[in-house]
Ligand code: A2P
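Numbering (my numbering), first residue to last: 76 to 415.
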């Protein structure tokens, strides 16, 4: 089998670290690995296949002789360096949102639209994490019943905001052990958050990404915009509220979806039980349903709480959880590389 020269930009970050583990775990044919970070990582190294690999600083020469490069260092780095990588004939798999909606850039979830990857011109975008997890359950239902529109609320873990957010939650939990966090308490006032505008420990922030004129956040519109592109469904509509929750790892989404054709819970369960990359966990009588703690560290997403929606015509409500560092980021990116 041919082996590839691989680079990971952002290799020291939450997604980058996971990418290295996924490449190793799935025995991706890596011939050489270049791990790239900022000047802050100078002198650091990362582990890959029992080797210690020094982190290199990102430069215009980082992509020379590279076959595939994964970008997970944020939008600004992608905006500047993805074109540099393409110029150097490396194929870029980009985890940022910068290029996702560009018409010539495939946006791919391999279980849904693997075929789209074929028409790449040196760049394939990895979808938004919440969108990817929700679509893992919505798309099979769409194939069966034809989705029209959805209402959804997300419950997003702090690791989606990177390593600093994980530390921020840990610190705030420790601080709160000294004095409970209530409005106006010493801890509330002192915990000057760095990553989020408010304390995240023991709190919920109905605020993920920046606000748009419409009142939605950018994150909230990704489900509709990216969902249309991935499912090839230009009329798909999604009204979403994205919420950051004090969970370390794994996002969950509560979805109510309206379909063109009549639905039944039995048929929906049958469809979801067979869907690739998804597990049906739906035994409410036994307290079995998907949860962040049960999917954290797992490749497959889980879906449950499937019921006929009481507000929609031909509607289903369900709950889906998935590890956003895996299916929502690193795993999906490596699956795209496997397609290539
Ligand atoms: P570094 O650790 O050297 O700062 P996270 O999403 O967990 O916050 O991680 C962000 C990743 O993006 C890290 O690997 C970080 O590297 C990397 N990164 C951030 N800024 C730059 C930059 N200017 N050049 C290269 N890598 C960067």
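No residue lacks a Cβ here, since even glycine has one placed at the ideal position from N, Cα and C.
query                                                                                                             : result
Where residue 267 falls: helix, strand or coil (DSSP)                                                             : coil
Residue 419, buried or exposed, once every other Cβ within 10 Å from all chains shown has been counted against 16 : Look at the range of the chain in this structure, 76 to 415, and you will see that residue 419 is not part of it.
Cβ contact check for the region 304-311 and the region 187-197: 3 or more pairs under 8 Å                         : yes
Reduced DSSP category for residue 299 - H, G, I as helix; E, B as strand; rest coil                               : helix
Start-to-end residues for the alpha helix (DSSP H) that takes in residue 91                                       : 89-100
Among 411, 397, 339, 401, nearest to residue 391 - alpha-carbon criterion                                         : 339
Inter-residue spacing [alpha-carbon to alpha-carbon] between residue 331 and residue 387                          : 8 Å
Meets three-Cβ-pair contact criterion under 8 Å: the region 264-283 and the region 353-370                        : no
The ligand A2P heavy atom lying under 7 Å from the CB of residue 133                                              : yes
Option nearest residue 197 by Cα separation, candidates 169, 289, 207, 173                                        : 169
Residue environment, residue 402, which counts as buried when at least 16 other CB atoms sit within 10 Å          : buried
Distance cut-off 7 Å: residue 113 Cβ against heavy atoms of the ligand A2P                                        : yes
Boundaries (first-last residue) of the beta strand (DSSP E) holding residue 494                                   : No information on residue 494 is available, as it lies outside the stretch 76 to 415 that the chain covers here.
As assigned by DSSP and simplified to three states, the class of residue 131                                      : strand
Short CB-CB distance (under 8 Å) between residue 309 and chain C                                                  : Judged by its chain identifiers, the structure shown contains no chain C, having just a single protein chain.
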